[in-house]
Amino acid sequence: MAYPDQEHMCFTEGRAPSGGTEIREQAKSMFTVPEYLSVAGQRISLPCAINTTEEPISLILWYKGDSDVPIYTLDGRRSPLATARHFPALELGNRAHFDVSARPPFLSLDPVEPTDRGDYRCRVDYRRSRTVIRPLRLLVIGISEMVLKESLDIKPLEAELLINICIDRYSSANNKDKAIQE
1 MAYPDQEHMC FTEGRAPSGG TEIREQAKSM FTVPEYLSVA GQRISLPCAI
51 NTTEEPISLI LWYKGDSDVP IYTLDGRRSP LATARHFPAL ELGNRAHFDV
101 SARPPFLSLD PVEPTDRGDY RCRVDYRRSR TVIRPLRLLV IGISEMVLKE
151 SLDIKPLEAE LLINICIDRY SSANNKDKAI QE
């Protein structure tokens, strides 16, 4: 099957049409992954843009990186989603919680650690519809006040200001790149 242009390509759960290594690579470059920025030690809410009102959800799974083992599971197969069981991975411990009542629902990490940086996928298994997977990327600024104080001889308040400047510069550069792409 030939595709006259990329607008007419259709993919299901990341699979390209047969003979599609080249097409798959083109498709990857077409999609941008939303990025979220946090400072180590702070709280971050990673959204999973899903529809929780129209159709029952059986399972919500969060993955990090290329792993096939979930880092967080919300199991609503035997109960309504509001009372579903939460299973964070041992590596997250009590730092993670998925808030299904928020719009959009989100995975909260508190506090964020430098090792939390990476690519995440939120997978939603609906009872009747197809599975939906939402990717995102978490960037973490891991500047510790102790390192700043020792190396630059600055106070914690000045360190916080420096971190905010870094975030502002990142946001400005990121928004400029998006404007250029549009």
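The numbering of the sequence shown is the working numbering, which starts it at 1 and goes up by one. No residue lacks a Cβ here, since even glycine has one placed at the ideal position from N, Cα and C. None of these values were measured; they are calculated from a predicted model.
V140 and L37 closer than 9 angstroms at C-beta
In the sequence shown, counting from the first residue as 1, residue 140 sits at position 140. In the sequence shown, counting from the first residue as 1, residue 37 sits at position 37. Judged by their CB atoms, V140 and L37 are nearer to each other than the 9 angstroms cut-off.
Could you compute how far the alpha carbon of F98 sits from the alpha carbon of R78?
One-based indexing of the sequence shown puts residue 98 at position 98. One-based indexing of the sequence shown puts residue 78 at position 78. Taking the straight line joining both Cα atoms gives about 18 angstroms.
D119 to S101, Cα distance in whole Å?
For the purposes of this step, residue 119 is taken as residue 119 along the sequence shown, with counting starting at 1. For the purposes of this step, residue 101 is taken as residue 101 along the sequence shown, with counting starting at 1. For D119 and S101, the gap between their C-alpha atoms comes out near 24 angstroms.
Following the continuous beta strand (DSSP E) through F106, name the residue where it begins and the one where it ends.
Taking the sequence shown and counting its residues from 1, the one referred to as residue 106 is at position 106. Residues 106-109.
On the DSSP bridge assignment, give the partners of V100 in chain order.
Start at 1 with the first residue of the sequence shown, and residue 100 comes out as number 100. Among the bridge pairs identified by DSSP, V100 is matched with none.
Excluding sequence positions up to five away, which residues of its chain have a Cβ less than 6 angstroms from the Cβ of P88?
By 1-based counting over the sequence shown, the position of residue 88 is 88. Closer than 6 angstroms at the Cβ level, and outside the excluded window around P88, lie Y72, A96.
For R43, does the three-state DSSP call read helix, strand or coil?
Within the sequence shown, residue 43 is the residue found at index 43, counting from 1. In this structure, R43 counts as coil in the three-state DSSP scheme.
Per-residue burial, D68 [other beta carbons within 10 Å of its own, 16 or more giving buried]:
The residue you call residue 68 lines up with position 68 of the sequence shown. With fewer than 16 other Cβ atoms from the protein chains shown falling within 10 Å of its own Cβ, D68 counts as exposed.
Within this structure, are the beta carbons of L90 and W62 separated by less than 9 angstroms?
Your numbering for residue 90 matches position 90 in the sequence shown. Your numbering for residue 62 matches position 62 in the sequence shown. Not closer than 9 angstroms, so no.
Label A82 either buried or exposed according to how many other C-beta atoms from any shown protein chain fall within 10 Å of its C-beta, with 16 as the threshold for buried.
On the sequence shown, position 82 is the one that residue 82 refers to. By the neighbour-count rule (16 or more Cβ atoms within 10 Å), A82 is not buried but exposed.
Using alpha carbons as the reference points, say which of G76, C122, R103, S129 lies closest to D66.
Residue 66 sits at position 66 when you count from the first residue of the sequence shown. If we check each option's Cα against that of D66, C122 comes out closest.
Going straight from the alpha carbon of S45 to that of L138, what length do you get?
Within the sequence shown, numbered from 1, the residue matching residue 45 stands at position 45. Within the sequence shown, numbered from 1, the residue matching residue 138 stands at position 138. Cα to Cα, S45 sits roughly 10 angstroms from L138.
According to DSSP, simplified to helix, strand and coil, what is L92?
On the sequence shown, residue 92 is found 92 positions in, with the first residue counted as 1. Of the three classes helix, strand and coil, the one that applies to L92 here is coil, per DSSP.
If you drop the 5 nearest sequence neighbours on each side, which residues of the same chain put their C-beta closer than 8 angstroms to that of V33?
Residue 33 sits at position 33 when you count from the first residue of the sequence shown. Taking V33 as the centre and dropping the five residues before and after it, the same chain places the C-beta of D119, P135, L136, R137 closer than 8 angstroms to its C-beta, in chain order.
Tell me where the beta strand (DSSP E) around I50 begins and ends.
Sequence index remark: in the sequence shown, residue 50 carries index 50 (1-based). Looking at the DSSP string, I50 is not in any beta strand (DSSP E), and its letter there is neither H nor E.
Count the other C-beta atoms from every protein chain shown that fall within 10 angstroms of the C-beta of H8, then say buried if there are 16 or more, exposed otherwise.
What you label residue 8 is simply residue 8 of the sequence shown in a count that begins at 1. Because H8 sits at a pLDDT of 32, beneath the cut-off of 50, its placement in the model cannot be relied upon, and the following sentence gives the value as read from the coordinates. Taking every protein chain shown into account, the CB of H8 has fewer than 16 other CB atoms within 10 angstroms, so this residue is exposed.
Whole-angstrom distance between R117 and N94, CA atom to CA atom
Here residue 94 refers to the residue found at position 94 of the sequence shown. Here residue 117 refers to the residue found at position 117 of the sequence shown. Our two residues, N94 and R117, have alpha carbons roughly 18 angstroms apart in a direct line.
Rounded distance between the beta-carbons of L92 and D75, thought under 8 angstroms:
As a working note, residue 75 is residue 75 in the sequence shown. As a working note, residue 92 is residue 92 in the sequence shown. Here D75 is actually not in contact with L92; their C-beta atoms are around 16 angstroms apart, not less than 8 angstroms.
Excluding five sequence neighbours on each side, which residues of the same chain lie with their C-beta closer than 8 angstroms to the C-beta of R127?
Mapped onto the sequence shown, residue 127 falls at position 127. Taken in chain order, the residues that qualify are E55, P56, I57, S58.
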